[in-house]
Amino acid sequence: MALKMAVADYSNALSQLPLSLSRNVRIEKRAELRELNHKLNAVNNAFLICEHMLEKYPRVNSGCRSLSVAHKEYIRMRDNSIQAKYICHNILSEQFVFK
Numbered sequence: 034m035a036l037k038m039a040v041a042d043y044s045n046a047l048s049q050l051p052l053s054l055s056r057n058v059r060i061e062k063r064a065e066l067r068e069l070n071h072k073l074n075a076v077n078n079a080f081l082i083c084e085h086m087l088e089k090y091p092r093v094n095s096g097c098r099s100l101s102v103a104h105k106e107y108i109r110m111r112d113n114s115i116q117a118k119y120i121c122h123n124i125l126s127e128q129f130v131f132k
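Read in order, the letters of the sequence shown are residues 34 to 132 in my numbering.
Quick look at the structure:
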């Protein structure tokens with residue numbers, strides 16, 4: 034449950050930022066980008082806590098692993114945020130809350 038909440042928080046914060054970053058936008062949105070990094074760390078921490086329980090959910094497993102890469106590409110202005118949003122959507126749409 035914590036993982037889904039962390040991904041939802043990250044996705045929401047990402048949706049508040051521009052699709053693509055420029056140097057000026059990075060300066061202007063410095064605080065929001067710092068917060069986005071904190072939210073990504075929360076996703077990674079939640080993933081590490083329940084990683085062994087996600088073996089039956091390869092889409093969630095691979096999504097959590099690739100979100101950091103997509104995030105880095107966005108922050109470094111090499112790509113827009115579409116890939117990271119897509120990954121978040123895939124994770125959130127998977128029903129993996131443990132029974």
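A virtual CB, placed ideally from N, CA and C, is assigned to each residue, including glycine.
Could you tell me the alpha carbon to alpha carbon distance between residue i and residue j, rounded to whole angstroms?
{"i": "V93", "j": "S55", "result": "30 Å"}
{"i": "A39", "j": "I82", "result": "12 Å"}
{"i": "S95", "j": "N57", "result": "33 Å"}
For residue i, count neighbouring C-beta atoms within 10 Å of its own C-beta (all shown protein chains included) and say buried if the count is 16 or more, exposed if not.
{"i": "I60", "result": "exposed"}
{"i": "V102", "result": "exposed"}
Since I believe residue j is in contact with residue i (beta carbons under 8 Å), could you give me their beta-carbon distance rounded to a whole number of angstroms?
{"i": "L69", "j": "L50", "result": "7 Å"}
{"i": "A117", "j": "L100", "result": "6 Å"}
Can you find the residues in the same chain that come closer than 8 Å, C-beta to C-beta, to residue i, ignoring five residues on each side of it along the sequence?
{"i": "I115", "result": "L52"}
Note down, in chain order, each residue of its chain lying with its Cβ closer than 7 Å to the Cβ of residue i, except the 5 sequence neighbours on either side.
{"i": "A41", "result": "L125"}
Can you list, in chain order, the residues of its chain with a C-beta nearer than 6 Å to that of residue i? Leave out the 5 residues immediately preceding and following it.
{"i": "E106", "result": "D112"}
{"i": "G129", "result": "Inspection of the sequence shows that residue 129 is occupied by Phe rather than by Gly. Taken in chain order, the residues that qualify are Y90, V93."}
{"i": "A35", "result": "A79"}
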